[in-house]
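Remarks on the structure that follows.
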Amino acid sequence: MVLALAVAAFGGGALGCSDASEAIARIAREEPPALSRAARGQPGDGQASGAAEDAEARSAADGAAVEGRSDAAIAARGPARERRRRSGSALEARGAGRGPQDSGAGEGAAAAPELQVMRLVVAKGIAGREPVEPATSFASAEIDRLYAFVELSNKDRAASEITVVFTPPDGGAPLRIPLAVGAERRFRTWAATRKARAAGLWSVTVNDAAGKELARASFTIAT
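Using the working numbering, the first residue of the sequence shown is number 171, and each one after it goes up by one.
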């Protein structure tokens, strides 16, 4: 447009126009393609092309930044996936390396721990984790309940279970009381019953989790 005004100022003779106003009108009708493209912002020579290239560069930079964040996230997840993969492979390798002997060792480890009964007494009560008035004979009228106190040696320090069994004089149905054994080298526990009423000689046994008898004692209920 500046060029058109300059041409109009110096006269329109070069364009074959008789006056300046006619020259300006003709220039407007025959605007150069480069100026038209610049006005519309289309690619081409000149400032419009530079702006388009700058926009493309910014778009490319933005895309790279997004990809970079994505790659960083993938890279962060990568080590965790690799650790899981290696852990799974190690477990598979250990499983594949196990043979019949290894399997047997596992079964042995799952067996009941070795327990030894250090004390088994029958008493009228428990106080301070110790039996109160232990005896081998009790008058039926003088007892509310009886306690079988058990002190165990647990060398493996493994949690387990024992069963205290009260068997009546007539050989009737025994009273079975399961007791948990803690993972301690020395463990004390006790079983209580109100049903030891029948007169005669009773027996009390302690069995481990596998049913093996560990200790036995007897007591008498007198009328």
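A virtual CB, placed ideally from N, CA and C, is assigned to each residue, including glycine. Please read all numbers here as calculations on a predicted model, not as lab measurements.
Hey, residue i and residue j: beta-carbon distance below 8 Å or not?
{"i": "V320", "j": "L290", "result": "yes"}
{"i": "Y317", "j": "V335", "result": "no"}
{"i": "E284", "j": "G295", "result": "no"}
How many whole angstroms separate the CB atoms of residue i and residue j, which I take to be in contact at a CB cut-off of 8 Å?
{"i": "R364", "j": "R315", "result": "5 Å"}
{"i": "I347", "j": "A366", "result": "The Cβ separation is near 12 Å, so there is no contact."}
{"i": "S323", "j": "R356", "result": "6 Å"}
{"i": "A328", "j": "A353", "result": "6 Å"}
Use the C-beta contact count for residue i: other C-beta atoms within 10 angstroms, 16 or more gives buried, fewer gives exposed.
{"i": "A311", "result": "exposed"}
{"i": "T393", "result": "exposed"}
{"i": "T306", "result": "exposed"}
{"i": "D326", "result": "exposed"}
{"i": "V376", "result": "buried"}
{"i": "A343", "result": "exposed"}
{"i": "A385", "result": "buried"}
{"i": "A242", "result": "Residue placement at A242 is flagged as unreliable, the pLDDT there being 36, under the threshold of 50; the coordinate-derived value follows with that caveat. Under this definition A242 is an exposed residue."}
{"i": "A361", "result": "buried"}
{"i": "A309", "result": "exposed"}
Per the DSSP calculation, residue i is bridged to which residue(s)?
{"i": "R346", "result": "V335"}
{"i": "P304", "result": "A293"}
{"i": "L285", "result": "N324"}
{"i": "I416", "result": "This structure cannot speak to residue 416, because the chain is shown only from 171 to 393."}
{"i": "A361", "result": "A318"}
{"i": "R355", "result": "Partner(s): none; R355 has no beta bridge."}
{"i": "G385", "result": "Residue 385 is actually Ala in this sequence, not Gly. Answer is V376."}
Using beta carbons (cut-off 8 Å, strictly below), is residue i in contact with chain B?
{"i": "P339", "result": "No chain B is part of this structure, which consists of one protein chain only."}
- Task: Could you tell me whether the region 358-374 touches the region 321-339, where touching means 3 or more Cβ pairs closer than 8 Å?
- Result: Under the Cβ criterion (8 Å, minimum of three pairs), the region 358-374 counts as touching the region 321-339.
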